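What follows is a short report on a single structure.
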Amino acid sequence: MPTTGARADGEKGEHMTEAPDYSHLPLLVFMDHVNEWANSVRGDNFWRDMLEHRMWADQLREEAKGAIVWLELRGRDEAAAQLDEVMGALREAIANLEEACEGVYPPDDPRCHDAREAVIETASRVAAAAEDLDQEVPEEVWEGFFDE
Amino acid sequence: MSDLANMMRSILDTHAKDHPRELARSEHWLSIRERYLQLSLNLIVNGHHSLTDRVDREYQAMRDALRSAVESAREGTTVQGDYPFWEAATEFLFTVGHLEHWHARIIDESRVEAAKELPTPKASADPPKRAWTRHDLDNAIREYKAKRSASFEQYFSVLEDPKAPASRKRTVRKEARAMFGRNVIAKALGVKSARMVSESPAWVAIAKTLDLPRRADQGTAPPKPKTRIGHEIAVEQASADAADTDEYAAADASARRAEQEETLRQIRKLAESELPEAKSNAKALFDRYQEGTMTDEQVREAVEVLTASPDADLG
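Protein chains in written order, with the working numbering: chain A, 120 to 267; chain B, 25 to 339.
Following this line, the structure appears as C-alpha cells:
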C-alpha cells in the first residue's frame, strides 16, 4: 500500500512521492521566495530589470519583517534576531549594489558585477538561515500567522 | 491605532517628491509621532519588550534620518541624501503594518493583567467650561492678574532688568508662561475656546509685558526647548507653533495633541518604573484612556497617586 503522500505509479512503474506541503510554515515559504528572487538576480535580464528586482526585494523585506514581528510576539526573540541580522545584511548588499551601479553601464562594470555576486551570496545566506530557523521553531508557534 | 501604517504609506507616496523639510514640518509627521507613542505604549503595557524596543529603535532611526536629510538639504540635497530616510521609513512601515494587522494578538499574547482597581481621581479644581462674553472675559482676566500681581510684578522686574542673567530670564519666562499662558488662563477660567483669551486685550497686554508667545508675534520663532519642559508650557509652545491654515483650530489641535502626548508619556513612565504593580496599573490606565473612560487629567492624577504611594520604590 502506498504511504501517505505517495501517488500512483509513473510510466515505468516507479513510486513517486509528492513534495511535502509546507505552505503553513512561513519560514520555508519565505526561503522559497528568496531563492526564486536570487535565481532571477543571476539571470541575464537582471540588468534590464533592476528596478523590478528592487521592488521584488522590498516584498521580501516585508515578508521577512512579518516573520520577525510574529516571532517576537510569540516570545521567540533569538530566532527573530537571527533572521533580522541576515535581512540587515541583505539590505546592505542591495544598497551597495545600487550605489555600485549608479552612473555606469552595469553589464560592463566589474564593480557592479561584484556587487551583484555579493547580493546573490547574501540572499543564499538568508534562505539558509530561514531553513535553519524553521527547524528550531515549533510548528505551533505559527498558529494564526496566516489568519486574516 | 489602526492607521499608523496608512499614514506611513501616505508619506512614502505623497511626500516622496517633497523636500524632507516639508515633511518634518507637516501635521502628518506630528500625527505619526502621536500614533507611534500610542503603539509603543500599547506594547509596553502588554509586556512585549522586544517589540517595544524594535518599534522605538525603528522610529528613532527614521527620525534621525529625517533630521539628517533636512540638514543636508540646507547644503543642497540630492536624492541620495534622502535615501537613508526612505529606507528607515520603509522598515518602520513594515513593522507597524504587521503589528496593526495582528493588533488583537498583542492583547491575546499579553503578559500583563490590567489592574482591577485604580485610584479614584479627585474632582477637578478647575471650573467647568462655559461661554464668556468678551467684556466679562476681559474683566475676569484682569481679576486673575490682580490676584497674582506680586508674581506679575516680580516677573516683569526681572525681564526688564538689563543686569539680570539670561538664564534667570529664561527661568522667569517659563514661570510666567506657566501662570499667565493663554491655555493656562483658559483652563483656570473655564473658557471653552482658548482663542477668546488670545483675542482679549487684557491678555494681550499681559503677554506683551511678560514676553509670552503669541500668534500675532510673527518675528523670531520661539527657541526649540533643548530639555523637557513642563506640561503646561509644552501645551503653550505647541499652541504657539501650530500651522497657520486654520489658525486657531490648528493651534487648539496642537495643544490637544501635546496634552495627549504628555499623558502617554506619564503612563509610560509609570509602566517603566520599578513600582509594585506598575505594568498592571499602567495597562489599566492606558486601556481606560484609549476607551475614553478616563480623561487626561484623571489619568495624570492617578499616576501621581500611584507614584506617590508609600509602597513605591523610588529607587
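Yeah, the Cβ is synthetic: ideal placement off N, Cα and C, and Gly gets one too. Please read these numbers as outputs of a predicted model, since none were measured by experiment.
In this structure, Ile165 of chain B and Trp227 of chain B form a Cβ contact; the two beta carbons are roughly 5 Å apart against a cut-off of 8 Å. The residues Ala138, Ala139, Leu142, in chain order, have a CB closer than 6 Å to that of Ala308 of chain B in the same chain once the five nearest residues on each side in sequence are set aside. For the pair of segments examined, the segment 112 to 131 of chain B was found not to touch the segment 286 to 300 of chain B: the number of CB pairs separated by less than 8 Å stays below three. Not flagged as an interface residue toward chain B: Val260 of chain A, since no C-beta distance is shorter than 9 Å. The beta carbon of Val238 of chain A does not come within 9 Å of any beta carbon belonging to chain B, so the residue lies off that interface. When C-alpha distances from Met206 of chain A are compared across A:Ile187, A:Glu267, A:Asn215, the shortest belongs to A:Ile187. Contact residues of the segment 160 to 175 of chain A toward chain B are absent (C-beta to C-beta distance below 7 Å). Listed by position along chain A, the residues whose Cβ is nearer than 9 Å to that of His52 of chain B form an empty set, because the closest Cβ is around 22 Å away. Under the 9 Å criterion on CB atoms, Leu202 of chain A is classed as non-interfacial with respect to chain B. Contact annotation for Trp156 of chain B against chain A: no contact, minimum CB-CB distance about 51 Å [criterion: below 9 Å]. Here Lys169 of chain B is buried. Its C-beta has 16 or more other C-beta atoms within 10 Å. Among the CB atoms of chain A, one or more fall inside 9 Å of the CB of Ile130 of chain B. For Asp227 of chain A, there are no neighbours in chain B by C-beta distance under 8 Å, as the nearest C-beta there is about 23 Å away.
In the three-state scheme derived from DSSP, where H, G and I count as helix and E and B as strand, Arg195 of chain A is classed as coil. With 16 or more other Cβ atoms inside 10 Å of its own Cβ, Arg195 of chain A counts as buried.
Any Cβ of chain B closer than 9 Å to the Cβ of Ala214 of chain A would place that residue at the interface, and such an atom is present.
Listed along chain A, the residues sitting closer than 7 Å to Thr119 of chain B by beta-carbon distance are Lys184, Val188. Judged by their CB atoms, Ala183 of chain A and Val245 of chain A are nearer to each other than the 9 Å cut-off. One thing to note: Arg135 of chain B has its Cβ no nearer than 9 Å to the Cβ of Gly214 of chain B. Beta-bridge partners of Arg312 of chain B (DSSP): none assigned. Straight through space, the alpha carbons of Asp88 of chain B and Arg78 of chain B are spaced by roughly 15 Å.
Inclusion of Leu28 of chain B and Tyr60 of chain B in the CB contact set at 9 Å is warranted, their separation being smaller than that value. Secondary structure of Arg230 of chain A (DSSP, three-state): helix.
The beta carbon of Trp175 of chain A lies closer than 7 Å to those of Trp156 in the same chain, with the five residues before and after it left out. For Val223 of chain A, the number of other beta carbons within 10 angstroms of its own is below 16, and it is reported as exposed. The beta-carbon of Arg78 of chain B is placed less than 9 Å from the nearest beta-carbon of chain A. Per DSSP, Glu141 of chain B lies in no alpha helix (DSSP H) segment and is marked neither H nor E. Around the beta-carbon of Ala174 of chain B, fewer than 16 other beta-carbon atoms lie within 10 Å, marking it exposed. The three-state secondary structure of Val215 of chain B, taken from DSSP, is strand. Excluding residues up to 5 positions away in sequence, Met318 lie with their Cβ nearer than 6 Å to the Cβ of Arg312 of chain B in the same chain. In the structure shown, the three-state DSSP call for Arg154 of chain B is strand.
Distance between Arg324 of chain B and Met32 of chain B, taken at the CA atoms: about 30 Å. Within chain B, no residue has its beta carbon less than 9 Å from that of Ala208 of chain A; the closest one is some 14 Å off. Taking a Cβ-Cβ threshold of 8 Å, none of the residues of chain A is close to Glu95 of chain B; the smallest such distance is about 21 Å. For Lys187 of chain B, the three-state secondary structure derived from DSSP is coil. In this structure Glu58 of chain B touches Arg281 of chain B by the C-beta definition: roughly 6 Å separates them, less than 8 Å.
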